[in-house]
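14 is the number of the first residue of the sequence shown in the working numbering; add one for each residue after it.
Have a look at the structure below, then the notes.
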Amino acid sequence: MRDAVIIGGGHNGLVCAFYLARAGLKVTLLERRAVVGGAAVTEEFHPGFRNSVAAYTVSLLNPAIIHDMALGRHGLRIVERPLSNFLPLDDGRYLKVGAGNTAAEVARFSRRDADRLAAYQRELEGAADLLRGLVLQTPPNRVTGGWLAALPELFKAGKLGNQVRKLSVPAQRALLDLFTKSAGDILDGWFESDPIKAAYGFDSVVGNYASPYAPGSAYVLLHHVFGEVNGVRGAWGHAIGGMGAITQAMAKAAQALGVEIRTACPVAEVLLERGRACGVVTGAGERIAARVVVSNLNPRLLYTTLVDPAALPADFLRRMQRWRCGSGTFRMNVALSELPDFTCLPGKTMAPHHGSGIIIAPSLRYMERAYHDARADGWSRAPIVEVVIPSTLDASLAPAGQHVASLFCQHVAPQLPDGSSWDAHRDRVADLMIDTVDRYAPNFRRAVLGRQVMSPLDLERTFGLVGGDIFHGALGLDQLFSARPMLGHADYRAPVPGLYTCGAGNHPGGGVTGAPGHNAAREVLRDVAHHHRAGRRECGREPRSDPGPEPGPHTA
Ligand SMILES: Cc1cc2nc3c(=O)[nH]c(=O)nc-3n(C[C@H](O)[C@H](O)[C@H](O)COP(=O)(O)OP(=O)(O)OC[C@H]3O[C@@H](n4cnc5c(N)ncnc54)[C@H](O)[C@@H]3O)c2cc1C
Numbered sequence: 014m015r016d017a018v019i020i021g022g023g024h025n026g027l028v029c030a031f032y033l034a035r036a037g038l039k040v041t042l043l044e045r046r047a048v049v050g051g052a053a054v055t056e057e058f059h060p061g062f063r064n065s066v067a068a069y070t071v072s073l074l075n076p077a078i079i080h081d082m083a084l085g086r087h088g089l090r091i092v093e094r095p096l097s098n099f100l101p102l103d104d105g106r107y108l109k110v111g112a113g114n115t116a117a118e119v120a121r122f123s124r125r126d127a128d129r130l131a132a133y134q135r136e137l138e139g140a141a142d143l144l145r146g147l148v149l150q151t152p153p154n155r156v157t158g159g160w161l162a163a164l165p166e167l168f169k170a171g172k173l174g175n176q177v178r179k180l181s182v183p184a185q186r187a188l189l190d191l192f193t194k195s196a197g198d199i200l201d202g203w204f205e206s207d208p209i210k211a212a213y214g215f216d217s218v219v220g221n222y223a224s225p226y227a228p229g230s231a232y233v234l235l236h237h238v239f240g241e242v243n244g245v246r247g248a249w250g251h252a253i254g255g256m257g258a259i260t261q262a263m264a265k266a267a268q269a270l271g272v273e274i275r276t277a278c279p280v281a282e283v284l285l286e287r288g289r290a291c292g293v294v295t296g297a298g299e300r301i302a303a304r305v306v307v308s309n310l311n312p313r314l315l316y317t318t319l320v321d322p323a324a325l326p327a328d329f330l331r332r333m334q335r336w337r338c339g340s341g342t343f344r345m346n347v348a349l350s351e352l353p354d355f356t357c358l359p360g361k362t363m364a365p366h367h368g369s370g371i372i373i374a375p376s377l378r379y380m381e382r383a384y385h386d387a388r389a390d391g392w393s394r395a396p397i398v399e400v401v402i403p404s405t406l407d408a409s410l411a412p413a414g415q416h417v418a419s420l421f422c423q424h425v426a427p428q429l430p431d432g433s434s435w436d437a438h439r440d441r442v443a444d445l446m447i448d449t450v451d452r453y454a455p456n457f458r459r460a461v462l463g464r465q466v467m468s469p470l471d472l473e474r475t476f477g478l479v480g481g482d483i484f485h486g487a488l489g490l491d492q493l494f495s496a497r498p499m500l501g502h503a504d505y506r507a508p509v510p511g512l513y514t515c516g517a518g519n520h521p522g523g524g525v526t527g528a529p530g531h532n533a534a535r536e537v538l539r540d541v542a543h544h545h546r547a548g549r550r551e552c553g554r555e556p557r558s559d560p561g562p563e564p565g566p567h568t569a
């Protein structure tokens with residue numbers, strides 16, 4: 014019998030499998046799709062054209078995990094963009110962000126804003142630093158039992174409190190703002206010109222079905238800046254071969270340690286014995302026994318479809334049924350005969366702006382309107398579109414001279430307000446997205462040779478992302494840190510003994526970080542070591558081997 018069975022082969026499932034196997038556990042991972050990687054995969058979506066079909070750009074992947082899993086040795090190479098962002102504007106101008114020239118670019122719109130950039134970045138970095146320090150930690154958890162059980166959690170909370178206490182008062186104020194305010198309020202407080210506010214504010218609506226003026230949207234912005242590319246903090250880059258190169262390297266690292274990976278193998282049920290998880294039943298009816306079960310799924314999907322409701326506390330189940338899920342995102346991949354030729358910066362030969370994140374959303378007002386349209390009508394008349402053309406950095410994705418582009422579009426309603434199905438509107442909305450880019454680059458529509466279109470419903474069907482939620486649950490204060498996925502279960506342990514959760518619905522949340530997988534493995538190993546020491550029998554057998562050292566950056 015196995016030590017652990019992992020449900021789902023998203024990147025977090027793979028990371029968790031790796032750390033468990035590294036500690037000596039015998040691990041089987043079961044993935045529903047034909048390929049591992051979850052939302053971080055590369056696929057051929059049009060003959061001869063490959064792309065990262067869902068997640069498309071890398072920054073948050075934790076450096077300690079890259080190191081521990083030796084992802085470089087397993088074929089992963091990440092490159093930086095030549096320019097961070099490019100915003101074509103309605104008045105015929107544009108803004109470029111990055112490449113060491115942001116201040117001069119912003120000064121074309123406001124000298125005052127250019128002068129304030131450095132202070133804004135410092136403030137944001139201060140908060141991002143704190144977050145970085147927490148990413149690989151298990152949050153303080155609400156525990157049952159006496160003071161002995163509560164003590165370690167109190168200690169953790171105290172340590173965190175102390176970290177915050179050591180910050181200067183202005184830094185504490187900034188932190189409070191970033192955790193509670195809207196991105197719009199914060200950016201309006203710093204800057205007066207629209208383009209730089211739009212460039213920074215875009216991060217607050219990515220995957221967040223909300224106006225940039227909704228309280229809490231500043232945290233989503235912060236969530237997008239705690240990463241790095243090859244040591245450059247806050248930068249976003251490209252994995253050569255697409256996001257699938259990350260998860261294929263992870264699969265190799267796990268398999269090298271003996272992890273058994275089975276694809277096209279959906280799990281239909283978590284097996285329980287005397288109230289304890291002790292394996293799974295696959296869709297084909299095979300029973301796979303294991304001492305522990307770890308789920309990589311959106312927690313709502315796990316608890317409402319795979320676990321016997323009678324095994325869950327009533328309050329827990331009721332809350333999980335109402336777990337807030339649903340990004341306002343619409344995702345397209347297009348095969349292009351040529352690069353977009355922007356009216357504001359003409360040219361079809363590769364230039365730095367073609368290799369950047371091209372943001373079509375010239376102001377925060379535009380983004381707010383996009384949200385209100387989507388609430389009322391299901392999608393925005395003038396949607397927010399980020400265009401990334403990875404073939405400008407990676408020739409492996411498209412035939413020579415041609416290109417692939419990711420279109421990451423916000424806002425659309427996860428469920429349409431009139432109750433109709435996304436299947437009835439998918440193509441019409443896809444045309445709208447292409448027309449939106451075409452307004453700024455008039456050769457775009459006719460350059461499209463083929464397209465793949467994913468509505469929120471398609472994201473749910475294809476990847477198991479409930480409501481198309483790219484984070485496995487909204488990143489609101491009510492669903493973060495000690496409350497992710499719920500107060501009392503922030504330690505990656507389910508209310509069912511022997512069941513653990515390792516996906517993005519746990520701290521620190523969504524994005525290709527690997528952190529939930531890493532942290533969940535640490536907690537599983539803690540329990541396995543504890544039971545081993547206690548000489549207990551679980552599901553009728555002894556642990557196979559000593560789990561070895563706990564995983565983490567310190568053990569590398
Ligand atoms: C359109 C889109 C764009 C994004 N862009 C970015 C980006 O550019 N950069 C970034 O960092 N993040 C991005 N994200 C977010 C990021 O991709 C996700 O938050 C992250 O991949 C979640 O990883 P995970 O391993 O926790 O879960 P997932 O990747 O969701 O993996 C879960 C796995 O479980 C499998 N599964 C589901 N049900 C079962 C079952 N019953 N049995 C067996 N297996 C099952 C699924 O098939 C899937 O493989 C994006 C996400 C989306 C959807």
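All C-beta atoms, glycine included, are put in the ideal place defined by N, C-alpha and C.
Distance cut-off 8 angstroms: residue i Cβ against heavy atoms of ligand 1
i, result
"Ile483", "yes"
"Pro353", "no"
"Tyr69", "yes"
"Gly255", "no"
"Arg45", "yes"
"Ile79", "no"
"Cys278", "yes"
"Val525", "yes"
"Arg313", "no"
"Asn532", "no"
"His24", "yes"
"Ala302", "no"
Contact belief for residue i with residue j at Cβ below 8 angstroms, rounded distance in angstroms
i, j, result
"Ala17", "Val293", "About 11 angstroms; that fails the 8 angstroms criterion."
"Thr526", "Asn221", "The Cβ separation is near 17 angstroms, so there is no contact."
"Arg506", "Glu536", "6 angstroms"
"Ser376", "Asp504", "Incorrect: roughly 42 angstroms between the Cβ atoms, too far for contact."
"Pro153", "Gly197", "Actually they are not in contact, since the Cβ atoms of Pro153 and Gly197 sit about 31 angstroms apart, beyond 8 angstroms."
"Gly242", "Val400", "The sequence shown places Val at residue 242, not Gly. At roughly 19 angstroms, the Cβ-Cβ gap does not stay under 8 angstroms, so Val242 and Val400 are not in contact."
"His438", "Gly391", "7 angstroms"
"Leu84", "Ile259", "7 angstroms"
Residue span of the beta strand (DSSP E) that contains residue i, given as start and end
i, result
"Phe62", "Phe62 to Ser65"
"Asn98", "Asn98 to Pro101"
"Ser230", "Per DSSP, Ser230 belongs to no beta strand (DSSP E); it is in the alpha helix (DSSP H), Ser230 to His236."
"Ile186", "According to the sequence displayed, residue 186 carries Arg and not Ile. No beta strand (DSSP E) holds Arg186; the alpha helix (DSSP H) holding it covers Val182 to Thr193."
"Phe204", "First-last for Phe204: undefined, no H or E at that position."
"Val110", "Tyr107 to Val110"
Where the alpha helix (DSSP H) containing residue i begins and where it ends
i, result
"Tyr133", "Arg124 to Leu147"
"Met467", "Note, Met467: premise wrong, no alpha helix (DSSP H); beta strand (DSSP E) at Val461 to Met467."
"Gly370", "Run containing Gly370: none in the alpha helix (DSSP H); it sits in the beta strand (DSSP E), Gly370 to Ile373."
"Lys172", "Trp160 to Arg178"
"Tyr453", "Note, Tyr453: premise wrong, no alpha helix (DSSP H); not H, not E."
"Leu27", "His24 to Arg35"
"Arg394", "Taken as a continuous stretch (DSSP letters only), Arg394 belongs to no alpha helix (DSSP H), being part of the beta strand (DSSP E) at Trp392 to Val401."
"Arg535", "Ala528 to Ala547"
"Glu351", "Taken as a continuous stretch (DSSP letters only), Glu351 belongs to no alpha helix (DSSP H), as it is neither H nor E."
"Lys87", "Here residue 87 is His; the residue named in the question, Lys, does not match the sequence. It is not in any alpha helix (DSSP H) - His87 carries neither H nor E in the DSSP assignment."
Beta-carbon proximity of residue i to residue j, cut-off 9 angstroms
i, j, result
"Met263", "Phe58", "no"
"Gly530", "Gly486", "no"
"Met363", "Thr405", "yes"
"Met345", "Cys422", "yes"
"Val417", "Val442", "no"
"Met333", "Pro498", "yes"
"Leu188", "Asp216", "no"
"Glu513", "Leu358", "It is worth fixing the name first, because residue 513 is Tyr in this sequence and not Glu. No. Outside cutoff."
"Gly368", "Arg94", "yes"
"Tyr213", "Tyr133", "yes"
"Met256", "Ala395", "no"
"Gly88", "Gly51", "no"
"Ile371", "Asn98", "yes"
One or two residues paired with residue i in a DSSP bridge
i, result
"Asn346", "Ser419 and Gln465"
"Gly292", "Leu284 and Ala302"
"Val307", "Ile19 and Tyr513"
"Leu42", "Ile19 and Ile274"
"His251", "Val92"
"His59", "Phe62"
"Arg246", "Glu241"
"Arg506", "Tyr513"
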